[in-house]
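Counted the way my numbering counts, the sequence shown spans residues 183 to 283.
Beta carbons are placed, not taken as given, at the ideal position from N, Cα and C, and that holds for glycine.
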Amino acid sequence: MALALGISLVADLLDYLAAPIFRVPIIGDVFDVIVSGLLFWITKSKVLLVMNLAEFIPFLGDFLPVYTISTLMWVLREQEEENKLDLLKRVVRLLSNKSTR
């Protein structure tokens, strides 16, 4: 999670700091494809990949920190799923303890 978030922050920071370079259509698009692919490779999240496609929308992708926002949303979803799984494990343990008595 930390790696994906770090890559997202650096990519969005580069989008702002190196804006003249990354606003050139081919260079910016290649950068976006590489970052989106790398984040998908790390997270395996199709939702994150689709959200990162907003980088290819003119002006929207240039002004919003799309990578950071999408990765933060992925992190929150992952934590939510871990909490649900943890709760399910507790319920199963509780039920299995009562059934053995």
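Quiz prompt | For I239, three-class secondary structure by DSSP | solution = coil
Practice problem: Look at L221 and T250 and say whether their C-beta atoms are less than 8 Å apart. | Solution: No, they are not a contact pair.
Self-check item: Closest by C-alpha distance to A184, when choosing among Y198, S218, W256, D211
Solution: W256
Practice problem: State the Cα-Cα distance for the pair S227 and I209, rounded to the nearest angstrom. | Solution: Their Cα atoms are separated by approximately 25 Å.
Exercise. Could you name the residues of the same chain whose beta carbon sits closer than 8 Å to that of N279, not counting the 5 residues immediately before and after it, in chain order?
Key: none
Quiz item: Using the C-alpha atoms, what's the distance from V248 back to Y198?
Solution: 12 Å
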